[in-house]
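Student: First residue of the sequence shown: 98, per the working numbering; consecutive thereafter.
Quick reminder that beta carbons are idealized off the backbone N, C-alpha and C, glycines included.
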Amino acid sequence: MHLDVLDLRNFYYRSALGRAAQQVIRDELVTLWPEAKGQVVAGFGFAVPLLRPYLKDARRVIGLMPGPQGVMPWPPEGRNVSVLCEDTLWPIETGHIDKLVVMHGLETSEHPTALLDEMWRVLGPGGRAVVVVPNRAGLWSRTDKTPFGFGRPYSLTQLDAQLRKHRFVTERTLSTLFQPPSRSRFWRRSAGMFERVGHKIPVIAAGGVLMVEVTKQSAAPTRPGLKEAVRRPLKALEGIAAPQPKPESARLGG
């Protein structure tokens, strides 16, 4: 079940813990995707906190918010890019998206299979998506004091298998958000240290969230007649007319 948009807004924009989580995850996304100049970038669920770096240079930015969650205008300044949509039926043309971010979308959807199919539909050939989900082995999925404590948490193996089943090709995986999900001042002051140390630990289960980048690789279409053309390759002299014998009278000079 999707969370309420007001609760998500209050967490990410009005609490120190939420602002810290937003910054950590957004920084990781920007490392994966430094720019999106001239591209169409979309986010589904409550992914708008991660889309701000692309507002300036992207051809278009779209914030897709599912009906059960609700929608809020975003960004606060400038033209609104948020749109309310059905969970698994987005108002986007097939193959229209270059980059897609899903956060608080997959783990809270009642129809994850249909959601992954919709992701595949809207991405163009070679398009990229980043899926952000709660880490089953992390601390953030074990408390309902943050949005990552709701829905179905994933292990990396589970998420990777589900994405591959829907024809996505996994490019990169990472774990982040190593700081404890606590609002106390002591843990807030230590958050930076936890993030630095956490990135040096070679254990994917250490972070509170998993981020998986995938691409849509479409098979080359089969052209009618190509197989037959290969079976009967063109000869070097094929098509050149053979010399015709001269008439008898011509050979005799008559």
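Please identify the residue among Pro-231, Pro-278 and Phe-245 whose C-alpha is closest to the C-alpha of Leu-256.
Tutor: Stepping through the sequence shown from its first residue, residue 256 is reached at position 159. The shortest C-alpha separation from Leu-256 is found at Pro-231.
Student: Measure how close the beta-carbons of Met-162 and Val-102 come, nearest whole angstrom, since I'm counting them as under 8 Å.
Tutor: Position 65 of the sequence shown, counted from the start, is the residue given in the question as residue 162. Position 5 of the sequence shown, counted from the start, is the residue given in the question as residue 102. Confirmed, Cβ separation roughly 6 Å.
Student: Any idea if Gly-223 is buried or exposed, counting beta-carbon neighbours within 10 angstroms, 16 or more meaning buried?
Tutor: Counted from its first residue, the sequence shown places residue 223 at position 126. It counts as exposed.
Student: Tell me the residue span of the alpha helix (DSSP H) that contains Asp-124.
Tutor: Along the sequence shown, read from residue 1 onward, the residue named residue 124 stands at position 27. Element bounds for Asp-124: 113–129.
Student: So the alpha helix (DSSP H) Thr-254 belongs to, where does it begin and stop?
Tutor: Taking the sequence shown and counting its residues from 1, one reaches residue 254 at position 157. Its alpha helix (DSSP H) spans residues 253–262.
Student: If I measure Cβ to Cβ from Asp-104 and keep anything under 7 Å in the same chain, skipping five residues before and after, which residues do I get?
Tutor: What you label residue 104 is simply residue 7 of the sequence shown in a count that begins at 1. Counting only Cβ-Cβ distances below 7 Å, and skipping sequence neighbours, we find nothing.
Student: Within this structure, are the beta carbons of Gly-160 and Ala-144 separated by less than 8 Å?
Tutor: Looking up residue 160 in the sequence shown gives position 63. Looking up residue 144 in the sequence shown gives position 47. Closer than 8 Å, so yes.
Student: Who pairs with Thr-312 in a beta bridge, going by DSSP?
Tutor: What you label residue 312 is simply residue 215 of the sequence shown in a count that begins at 1. In the DSSP output, where bridge partners are listed per residue, Thr-312 has Arg-225 and Val-266.
Student: Let me confirm a value: Lys-153 is counted as buried when at least 16 other C-beta atoms fall within 10 Å, else exposed. Which label applies?
Tutor: Position 56 of the sequence shown, counted from the first residue, corresponds to residue 153. Its Cβ having fewer than 16 others within 10 Å, Lys-153 is exposed.
Student: Is it right to say Gln-136 is buried, meaning 16 or more other beta carbons lie within 10 angstroms of its own, or is it exposed?
Tutor: As a first step, residue 136 must be located in the sequence shown, where it is residue number 39. Counting Cβ neighbours within 10 Å, Gln-136 comes out buried, since at least 16 surround it.
Student: Using the C-alpha atoms, what's the distance from Thr-254 back to Arg-269?
Tutor: Within the sequence shown, residue 269 is the residue found at index 172, counting from 1. Within the sequence shown, residue 254 is the residue found at index 157, counting from 1. Taking the straight line joining both Cα atoms gives about 13 Å.
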